[in-house]
Amino acid sequence: MNHQFFAVAARGIERVTASELEQLGAQNIRPVTGGVHFEGDMVLLYRASLWLRSASRILKTLREFAAQTSEMLYSQARRVRWEDYLDASKTFAVQTTMEAAPKSAHDHRGRDSAPRQGRPPRGRPFERRPAPRKGIDNSMYAGLKVKDAIADRLRREQGQRPNVDKEYPDILVHAHLAEGRCILSLDATGTSLHERGYRGYGAPAPLKETLAAAIIDLTGWDGQSPLYDPMCGSGTLVIEAALKAMKIAPGLFRRKFGFQRWPQYDGALWQEVVDEAKKQQLPPPSAGIFAGDLDPTQLATAAEN
């Protein structure tokens, strides 16, 4: 069964992400500002989570609908079968963003501000409830309406509602409102994909791994010629180049993903995808990858990483 997904990507590199998805076998690929729409089954979701180098997050689209008023937002959000993803034993949170007139209803997803694993997120998704209003002009208020819809739906279907956990939710719901419409999605990633897990030491203002991977791709480098970074900093660019040349899936360094908390998670299937990725690894390229930096401290940091 195919599902609709959205891969979040930094503005300007969406076509790099689209090319990666094409190689992974995704269908109906459509790049827009801030990311790429695509379709596929759960195997594709697992592979994309493991292999995508330039995307920072993957969202599973649940429902898109008109939401000109708060009443419409609540009513439509309540129609989603939240019981397929949540019960009283799990916690949830709602991440809400709004845009006045975006080119795409998913444009917001270039900004990655979901709760992080291991430390609290920035900002507070929920504050004291504002006074009721008909129009929707505040993302915090919109988040409260979606949260209420989820809680009320589950109270009706299951007799009780799950708790909200703003810091470490089991299930993270994304709600984006633009041009009088709303898209509700489930976060499949958890901690941003740019946090590979291999970097133990950082440099001041380090280059994001996803951006470094996109730069490597845009240069056309294929591992058959030497690569040299004379200002390597913490080594992100050369490390990403090595991962690509050796066909090492960047997701192999991560401990967990958001989809692993979904009821539909298939642990055996995930392990097959992981084992498949490990079998594709190649030895280091014979042409060589080199790094240099005027600051010996940074060079040492790169070597540690």
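Every number in our numbering is 3 more than the matching position in the sequence shown, counting from 1. All C-beta atoms in this analysis are idealised placements derived from N, C-alpha and C, irrespective of residue type, glycine included.
| Asked | Found |
| --- | --- |
| Under 8 Å between C-beta atoms of SER142 and MET101 | yes |
| Same chain, Cβ closer than 6 Å to THR20, five either side skipped, listed in chain order | ALA10, ALA12, VAL39, SER57, ALA58 |
| Separation of LYS250 from ASN308, as counted between CA atoms | 18 Å |
| Given VAL176 as reference, the closest of LEU47, ILE153, ALA91 once Cα atoms are compared | ILE153 |
| Same chain only: Cβ atoms within 6 Å of ARG131, ignoring 5 sequence neighbours per side | Confidence at ARG131 is low in this model, with a pLDDT of 44, below 50, so the placement of that residue is unreliable and no value is reported for it. |
| At least three beta-carbon pairs within less than 8 Å, the segment 286-303 to the segment 222-233 | yes |
| Contacting residues, own chain, Cβ-Cβ under 7 Å from MET4 (five flanking each side not counted) | ASP44 |
| Contact under 8 Å by Cβ, LEU89 with PRO165 | yes |
| Limits of the unbroken beta strand (DSSP E) element including LYS63 | 58-69 |
| Under 8 Å between C-beta atoms of GLY200 and ARG258 | yes |
| Spatial neighbours of ARG122 in its chain, beta-carbon cut-off 6 Å, leaving aside the 5 residues before and after | Residue placement at ARG122 cannot be trusted, given a pLDDT of 47 that sits under 50; what the coordinates show is reported in the next sentence. Correct list: empty, nothing qualifies. |
| Stretch pair the segment 181-191 + the segment 64-71: three plus CB contacts closer than 8 Å | yes |
| Candidates SER22, LYS211, ASP173: closest to THR239 by CA position | LYS211 |
| For SER22, the first and last residue of its enclosing alpha helix (DSSP H) | 17-27 |
| Residues sharing a beta bridge with ASP167, DSSP | Here the sequence assigns Val to residue 167, which means Asp is not the residue at that position. DSSP lists PHE95 as partners of VAL167. |
| Local conformation of GLN274 per DSSP, three classes | helix |
| VAL149 and THR99 closer than 8 Å at C-beta | yes |
| CA-to-CA distance, LEU255 to GLU160, given in whole angstroms | 38 Å |
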